[in-house]
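2 protein chains.
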Amino acid sequence: MAPADGATGATHLKRVGRRRVLETIRRVGKIARIDIAQETGLSPATVTAATSDLMNAGLIEEVAQDLGGTVKRGRPRVLLRLRAKAHLVAGVKIAHRRASVLIADFEGKEIASADTDLPSARMTADGLMQEIARAVAAACACAGIASADLSGVGVALAGQIDATSNFVHWSSSLTDRNVDFGTDPAEGAPWPVFFDNDANLVAKAEHLMGEGRGVDNFLVVTVEHGVGMGIVIDGKIYRGVHGCGAEFGHTKVALDGALCQCGQTGCLEAYLGDYAVLRAAGLTPAMDAPADIGLVQKAALAGDARAQDALTRASDMFALGMANMINLFDPELIILSGAQTCFDHLHSPKVTEKIQNSVLRIDAPLPDIRVHQWGDLMWARGAATFAIEQISLRTIQTMAQNAA
Amino acid sequence: MAPADGATGATHLKRVGRRRVLETIRRVGKIARIDIAQETGLSPATVTAATSDLMNAGLIEEVAQDLGGTVKRGRPRVLLRLRAKAHLVAGVKIAHRRASVLIADFEGKEIASADTDLPSARMTADGLMQEIARAVAAACACAGIASADLSGVGVALAGQIDATSNFVHWSSSLTDRNVDFGTDPAEGAPWPVFFDNDANLVAKAEHLMGEGRGVDNFLVVTVEHGVGMGIVIDGKIYRGVHGCGAEFGHTKVALDGALCQCGQTGCLEAYLGDYAVLRAAGLTPAMDAPADIGLVQKAALAGDARAQDALTRASDMFALGMANMINLFDPELIILSGAQTCFDHLHSPKVTEKIQNSVLRIDAPLPDIRVHQWGDLMWARGAATFAIEQISLRTIQTMAQNAA
DNA sequence: CAATATATTTTGACACGTAAATTAATAGTG
DNA sequence: CACTATTAATTTACGTGTCAAAATATATTG
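Protein chains in written order, with the working numbering: chain A, 1 to 404; chain B, 1001 to 1404.
In structure tokens:
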């Protein structure tokens, strides 16, 4: 067994409690202390103490007004909510040649956003930090705030990352390997930067602010150029031992199957990803234009047999992959998250039926499968959510220390 | 968020601590208090309190003597170990037409074992309980103990089971569905009975007493007639929301592939299971003789091309499935557990190479993959281990209550 | 035997959560 | 409009757990 992580005993309990209370408030939106006690199982006394701490730290506030409708007698409940102005954060998604930035308040509300071109697809660690700073500065300018007003910046990278230690083993955006970005405000930047894998961050966003609110065991699947997954187990992102699990897109669904970007064959992604469907349909995307499934769908509707086959095969393989995940994880919910992804060919009664027929317990109801269209800022939003969470945790940590 | 499970606050902490201490002792075998403190991160004072409680409860004892070799000065450390005589338990595996029973002491050491034929493959809940009682009684007779001397009985069933509430949603051994076996000593039996899924119980046995000791994230794969899996995450069995996950054998590895026992096609099991390999090799098992992979291996060695193909395809598919698990779970360790299973064709440098070539991060080392040959009593042993764990937890629970 | 080293136990202090009592703030009621 | 009933939130007093430090136990070394 691992030695306890420094925090044994009661001090640790306090942090956990404060965190539970804050998460409950975030999840429900507006909630009275008495209901927090109900939800969390803590006593009203403890909730009073916790909320008092959180208010002193500025993370939450009392909402001036009533809940209108229900007029009951007795002392009226005082609703609490997040204090949106508590912090400003930025979320940055580093894509192939582009960084997109979202500035958000502590509630997660979008304040501003901006896209920046990157000089190259792969950079050194220092180079990446500079680009992040540049992109964030540009977004701050849009928002009319100073870069120094941000409390923290979350960054979503493709790659293998140990989020707890801010250590990037490997990323497709970095030329360096095994970079330790440390835990303090970065050099040349006034705020701390928190790195994590992009798919994990979408899962985090779904958990805290999306379709996964209040659900503690679910999967998040993204289908774009590649196919990604985030796993939430017991309310926590599951990362595996080295932080390189959840590679749904590279699970094999055939022996000697289609050729994948990764160089191997038979990966699910090689049937599902944008590039794969276009390839199978015999279409070539215009130079620099993003591969667009819409083209294939249009062709299929127009009667193009090859396009139809490509879509059918993609949906067959998708159903097979989904059934595999259900057979393995038995999740409560699967969220199909996309920025602009069209899930029409992947989420239909027909596909659901295929999934149902490939799940072992055929008579059991399938888990809830929901499509969540986030829009272009999905990935950046995940990063921003991560920053909010990290800031919250740090604040709670400091809070617990100060008490001593 | 789920409301706290009744146990908030400090009382709960105590139970967790006691449990950690007991698990450490079980894992290490003989250990001094000071080392327990080291391992668990608890303070020596707390360890003294905990071990004192555990000794009063009779679960552990001081071992009379030294550790011989190293003569150091200072007060000599006193080693602690489980008190084997603390409890006797039975583990029962219900198979198609046969129940096998293992009687073990609190350390898990085998006291006796016995097999019993079952009148039918599927029974009512009452019928099953009677058969369990009969089989256990027979084993007790062998061991020369009274049935009432047992503190508890664990039962391994194929099926979907909620182990925390002892609720069997469905089992291949039961005609009834949704049977609640309750938490108290069963009717007609002097001891409490603890049910769980058989694959989960093998995983539990590996975790507490097998190759998974001290490892908190690993997979256990069993290949016999069917193909099963147990998942350990953060030191706990992962069960999914309905308790029907980890169906590794029924993940699909091909569209429209081989026909599986479950009625579907392309299941991994339809390439790997005993019956599948014999089928592919064109051999028919003798009536009532267990399907024996050895036959196929012999034929292959003798130059039978069809047998060779069957084995090659099985190992190809196995490698593919293993790679999928690694890509998804990124585990620290995968244990191939078998009673008598011969893993020769599934665990060789050739297969390892195939796995390596199908894992996304090709340059990363594979997780440790170990074969564990338990012998015939593997399944029953899992059930006995479960009983030991449940008894321990109950004792600790009572301990914590009594303090108040 | 004194000095030193190491393991364990005891003691006293501190932190946390909670039940119960108290205070606060409202609606009904005659 | 006082007065009561009712519900929410806070304060108080207390029990429990862990831990640091001190005390104790038991060995070796010189």
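The beta-carbon is built from N, C-alpha and C at its ideal position, and this holds for glycine as well.
Opening and closing residue of the alpha helix (DSSP H) in which residue i lies
i: Asn1327 of chain B; result: Ala1305 to Phe1329
i: Arg279 of chain A; result: Asp274 to Ala281
i: Arg98 of chain A; result: Run containing Arg98 of chain A: none in the alpha helix (DSSP H); it sits in the beta strand (DSSP E), Arg98 to Asp105.
Closer than 7 Å to chain A by CB, residue i
i: Arg1361 of chain B; result: yes
i: Pro1003 of chain B; result: Below a pLDDT of 50, predicted positions are generally treated as unreliable, and Pro1003 of chain B, at 33, falls in that range; no measurement from the model is reported.
i: His1242 of chain B; result: yes
i: Glu1061 of chain B; result: no
i: Gly986 of chain B; result: For chain B, the structure presents residues 1001 to 1404; residue 986 of chain B sits outside this window and is missing.
i: Leu1320 of chain B; result: yes
Straight-line Cα distance separating residue j from residue i
i: Gly1214 of chain B; j: Ala1189 of chain B; result: 35 Å
i: Lys1204 of chain B; j: Leu157 of chain A; result: 36 Å
i: Ala1141 of chain B; j: Ala1032 of chain B; result: 37 Å
i: Met1399 of chain B; j: His1012 of chain B; result: 12 Å
i: Val1078 of chain B; j: Val1063 of chain B; result: 7 Å
i: Ala1310 of chain B; j: Pro1365 of chain B; result: 29 Å
i: Leu1208 of chain B; j: Val1221 of chain B; result: 16 Å
i: Gly245 of chain A; j: Val1071 of chain B; result: 47 Å
i: Cys1267 of chain B; j: Val1277 of chain B; result: 13 Å
i: Lys30 of chain A; j: Thr24 of chain A; result: 9 Å
i: Glu1110 of chain B; j: Phe318 of chain A; result: 48 Å
i: Gly1182 of chain B; j: Thr1175 of chain B; result: 18 Å
i: Leu1259 of chain B; j: Gln1397 of chain B; result: 48 Å
i: Phe1386 of chain B; j: Ala384 of chain A; result: 44 Å
i: Arg1306 of chain B; j: Glu1353 of chain B; result: 23 Å
i: Pro185 of chain A; j: Trp191 of chain A; result: 5 Å
i: Ala1002 of chain B; j: Lys236 of chain A; result: For Ala1002 of chain B, the predicted structure reports a pLDDT of 33, less than 50, and the residue's modelled location is therefore unreliable. The matter cannot be settled from this model.
i: Phe167 of chain A; j: Gln390 of chain A; result: 15 Å
i: Asp162 of chain A; j: Asn178 of chain A; result: 10 Å
Interface residues of chain A facing residue i [CB-CB closer than 7 Å]
i: Thr1251 of chain B; result: Asn324, Asn327 and Leu328
Bounding residues of the beta strand (DSSP E) (the contiguous stretch that carries residue i)
i: Met229 of chain A; result: Val227 to Ile233
i: Ala114 of chain A; result: Glu110 to Asp117
i: Asp1368 of chain B; result: Asp1368 to Gln1373
i: Arg1075 of chain B; result: No beta strand (DSSP E) holds Arg1075 of chain B; DSSP gives it neither H nor E.
i: Lys93 of chain A; result: Leu88 to Ile94
i: Asn197 of chain A; result: Val193 to Asn197
i: Gly1430 of chain B; result: Outside the shown range of chain B, which is 1001 to 1404, sits residue 1430 of chain B, and nothing can be said about it.
CB contact check: residue i to chain B, cutoff 7 Å
i: Thr11 of chain A; result: no
i: Asn454 of chain A; result: The shown model of chain A, from 1 to 404, leaves out residue 454 of chain A, and the question about it has no answer.
i: Ala258 of chain A; result: no
i: Ala254 of chain A; result: yes
i: Asp316 of chain A; result: yes
i: Glu247 of chain A; result: yes
Contact set for residue i: own chain, Cβ-Cβ below 6 Å, skip 5 residues either direction
i: Thr1116 of chain B; result: Ala1099, Ala1135 and Ala1138
i: Trp379 of chain A; result: Lys93, Ala156 and Asp198
i: Val1047 of chain B; result: Arg1033, Ile1036 and Ala1037
i: Ala1084 of chain B; result: Asp1105, Phe1106 and Glu1107
Cross-chain neighbours of residue i in chain A, by beta carbon under 9 Å
i: Gln1356 of chain B; result: Ordered by position in chain A, no residue passes the 9 Å Cβ test against Gln1356 of chain B, which lies about 11 Å from the chain.
i: Ile1233 of chain B; result: Ile233, Asp234 and Tyr238
Own chain residues within Cβ distance below 7 Å of residue i, not counting five before or after
i: Asp274 of chain A; result: Glu224, His225, Ala291 and Ile293
i: Glu131 of chain A; result: Ala99, Leu118 and Met123
Partner residues on chain A for residue i, Cβ-Cβ distance less than 8 Å
i: Ile964 of chain B; result: This structure leaves residue 964 of chain B out entirely; chain B is present only between 1001 and 1404.
Neighbouring residues, chain B, relative to residue i (Cβ below 7 Å)
i: Glu332 of chain A; result: Val1241
i: Cys140 of chain A; result: Per Cβ cutoff of 7 Å: no residues; Cys140 of chain A is ~34 Å from chain B at best.
i: Gln261 of chain A; result: Those within 7 Å of Gln261 of chain A in chain B number zero; the least Cβ separation is about 11 Å.
Contacting residues, own chain, Cβ-Cβ under 8 Å from residue i (five flanking each side not counted)
i: Ile326 of chain A; result: Ile334, Ile355, Val359, Leu366 and Pro367
i: Ser173 of chain A; result: Ile94, Ala121, Arg122, Met123, Leu128, Leu157, Ala158 and Gly159
i: Thr1051 of chain B; result: Val1021, Arg1033, Ile1036, Ile1060 and Leu1080
i: Cys1342 of chain B; result: Ile1293, Gly1294 and Gln1297
Residue i: contacting residues in chain B (beta-carbon distance under 8 Å)
i: Ala364 of chain A; result: His1242 and Cys1244
i: Gln308 of chain A; result: The contacting residues do not exist; Gln308 of chain A stays about 17 Å from chain B at best.
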